[in-house]
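Taken in order, these protein sequences are the chains called A and B.
My numbering numbers the first residue of the first sequence as 1 and each following residue consecutively.
My numbering numbers the first residue of the second sequence as 1001 and each following residue consecutively.
Glycine included, every Cβ here is placed at the ideal spot set by N, Cα and C.
It should be emphasised that the depicted structure is a prediction, and the values quoted were computed from it without experimental measurement.
This report refers to the structure that appears directly beneath it.
There are 2 protein chains.
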Amino acid sequence: MPTSSRFAVAVHILTFLAADRKRAHRSEEIAASVGTNPSVVRRILGDLARAGLTSSQLGKGGGALLARGPKKISLLEVFCAVEDQNLIAMHRTRPSQSCEIGRAIQPVLQSMAATAEQAFFDALEEHSLKDVARSVKTAAAA
Amino acid sequence: MPTSSRFAVAVHILTFLAADRKRAHRSEEIAASVGTNPSVVRRILGDLARAGLTSSQLGKGGGALLARGPKKISLLEVFCAVEDQNLIAMHRTRPSQSCEIGRAIQPVLQSMAATAEQAFFDALEEHSLKDVARSVKTAAAA
DNA sequence: TATGTATGTAACAAACCTAGTTACACATAT
DNA sequence: ATATGTGTAACTAGGTTTGTTACATACATA
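Structural data, given as structure tokens:
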């Protein structure tokens, strides 16, 4: 169950920045494209900056900039910057420790979940922001 | 972000059933192992039964049973039975349709998300309930 | 240096989802 | 008939996400 849309918004923001790297873009400008509030954009830009994917300039003419070329930004990096990396959650309550299954199930599940999560991450790593930007441009031209 | 623990609970329930297929197990008995309320177990058993993974018997001596051998139940089936299959959510609000990026980003993202989700599913499919049951038994013996 | 601009972040509300709880109708074995 | 156990609805409490507002701070520029 996908509860957060932060990854989608983050990729949108980065694609927006990638489309014109000549100047900084204000959160207000980006928010208009995303269809949300500038503050929401700044919140996510905060995560992206902390992950080293963007930088920001204050004051007049300021805004957000891509910190490196879109070819060098993978979707995995974006995902890790803004989303919880646990795709599979364990029990909310602790299983009975007096039951053999209750005692042993979580580590077993964790390790199997880890292989699936790793496969997911590996696939995300295959796509770069450049790929997204290119596909968007192609779709827009059609 | 993993908001639901249904998959973990479902696997726990099925592992419990797999450990003793000779008789039906009551939701109360299973709930004690999981550490939750019998009604929560019955709710998830309902999903599992709808997916054809378990069956239930009413009345005295009743309870839940595995509908087939644990070797023939993959974790992917369990996941699909109880969880939303979209690991990556799109924007909550609709992006600006007057912006090229806003118009094109979602299908592009969807298709890239689909490859990552597929990789996740493929990995889950590699593990059967039997694998889980075996690992749990091994861990319990140690 | 003063001014205007844009960010970063906190605080709060609204909407939504999950899991726990209770209750009860219905099916089934004995 | 009776006791047992499921299936499901309804409700609550708790947590999370996003939208919104507000404001201190940093920076460019005149």
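Report the rounded CA-to-CA distance for residue 57 of chain A versus residue 64 of chain A, giving the unit in angstroms.
6 angstroms
Residue 1095 of chain B burial status per 10 Å Cβ neighbour count (16 or more: buried):
buried
Contacting residues, own chain, Cβ-Cβ under 6 angstroms from residue 30 of chain A (five flanking each side not counted)
13, 16, 41
Out of B:1062, B:1045, B:1136, B:1083, state which residue places its alpha-carbon closest to the alpha-carbon of residue 1023 of chain B.
B:1062
Assign residue 1098 of chain B to one of two classes, buried (16 or more other C-beta atoms within 10 Å of its C-beta) or exposed (fewer than that).
exposed
If you run the structure through DSSP and keep just helix, strand and coil, what is residue 1003 of chain B?
coil
Minimum C-alpha distance to residue 72 of chain A - residue among A:86, A:84, A:59, A:53:
A:53
Would you report the Cα separation of residue 1134 of chain B and residue 1112 of chain B, rounded to the nearest angstrom?
35 angstroms
Three CB pairs or more closer than 8 angstroms across the stretch 1114 to 1124 of chain B and the stretch 104 to 124 of chain A
yes
For residue 77 of chain A and chain B, any beta-carbon pair shorter than 9 angstroms?
no
7 angstroms Cβ cut-off: residues of chain A touching residue 1100 of chain B:
140
Could you spell out where the alpha helix (DSSP H) holding residue 63 of chain A opens and where it closes?
Careful: residue 63 of chain A lies outside any alpha helix (DSSP H), inside the beta strand (DSSP E) at 63 to 66.
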